[in-house]
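Following: one structure in structure tokens, then a few remarks.
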Amino acid sequence: MNRNNKLTPWEEHYFWVNILLDHAIFVRDYLSPAETRLVNEANGFISRFAAIRGQLQQISSQSDVSSPALIEFSQISAPAAYDYYRFEGKIMNLRINNEVKINITPTYFNGTTNENAEYLRILQYYVKGMDYPPLPLVDLLDLWLEDQLGHASLLRRSLDGVEQLLLERVNTMIKVVSAHMLKNEAIKGYLRFVPPNFPGQIQFAQEVIKSVASFNETVEYVLERFKDDEVFNSTDLRFLEHHFPESCYFLNKLADFVPGTQPNCAVTDYFRYQV
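Using our numbering, the final residue of the sequence shown is 1271, and nothing's skipped along the way.
Right, dumping it as structure tokens:
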């Protein structure tokens, strides 16, 4: 495995805290204003993650994983991430049982809680001042292909029905990502008898990298049209932009497995909003 693209511990925290902050904002915005208690809880998490991000920005980005500052930060971030994991799980339960007014489906929370769980896994090591073991390729693909499919499905949902050509492009990406997920599921079975990172699996990772890049182009096209008020939709700028740091993170992790791959992005390039 090539670890030349490895993110620093500070960059890992920066990525994950901002992702959870975004997720809390999306939950608040999807909730009906009538859900006063849950809206207030979401706002509480928004404030909490914004404050935690502020604390991170006071720490040197070059700090080692074993530095007292990052260990202390991890000990602050871990309970916040866990509390938010439980909060989204509660809303998912309520949504499944039609006991909450929120304009999002339960499967959305499957994806976001899976991402949160990965940060919690990382934090188990960071609170001890230790680096974390990377996900095996098959598990990395499991996590982030689901995320890509979720983004494509949400983008399709947000586009007006008259945007037929754009919808066709998005539907194509849904088919491509779904096909990748099916193939990765088959590879899980192969790995019972074949060592990981065999040639066919690495070639598959290369295919996924190309697909992620292609999807990025589609989202970028929609984003530019959105900025110019040229696309009929029901979303907002922050939601569209949220796609890019997660894709960048995915590409950086995939690059560890595919020789000669250098992602043309950095997770620190994103998250320009204050809250």
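Cβ atoms here follow ideal geometry from the backbone N, Cα and C, with glycine treated the same way.
- Sixteen is the threshold: since fewer than 16 other Cβ atoms of the shown chains lie within 10 Å of the Cβ of residue 1186, the residue is exposed.
- Spatial neighbours of residue 1204 in its own chain (CB-CB distance under 8 Å, excluding positions within 5 residues in sequence) are listed in chain order as 1137, 1141, 1176, 1250.
- Taking one beta carbon from each stretch, the segment 1149–1157 and the segment 1085–1097 have fewer than 3 pairs nearer than 8 Å; the two do not touch.
- The Cβ-Cβ distance between residue 1005 and residue 1066 falls below 8 Å.
- Out of 1028, 1035, 1049, the CA that lies nearest to the CA of residue 1016 is found in 1049.
- Taking a 10 Å sphere around the C-beta of residue 1197, we find 16 or more other C-beta atoms and assign the residue as buried.
- The C-beta distance from residue 1254 to residue 1201 rounds to 5 Å, short enough to meet the 8 Å contact threshold.
- Residue 1111 counts as buried, since at least 16 other C-beta atoms from the protein chains shown sit within 10 angstroms of its C-beta.
- Bridge pairing for residue 1229: 1155 [DSSP].
- The straight-line gap separating the alpha-carbon atoms of residue 1037 and residue 1193 is approximately 43 Å.
- By the Cβ rule, the segment 1119–1128 does not count as touching the segment 1099–1106, because fewer than three pairs are nearer than 8 Å.
- Cβ-Cβ separation between residue 1021 and residue 1234: approximately 7 Å, consistent with a contact (criterion under 8 Å).
- Under DSSP, the beta-bridge partners assigned to residue 1098 are 1027.
- Residue burial is scored here from C-beta neighbours: residue 1144 has at least 16 other C-beta atoms within 10 angstroms and is therefore classed as buried.
- Going by DSSP, residue 1248 is part of the alpha helix (DSSP H) stretching over 1239–1251.
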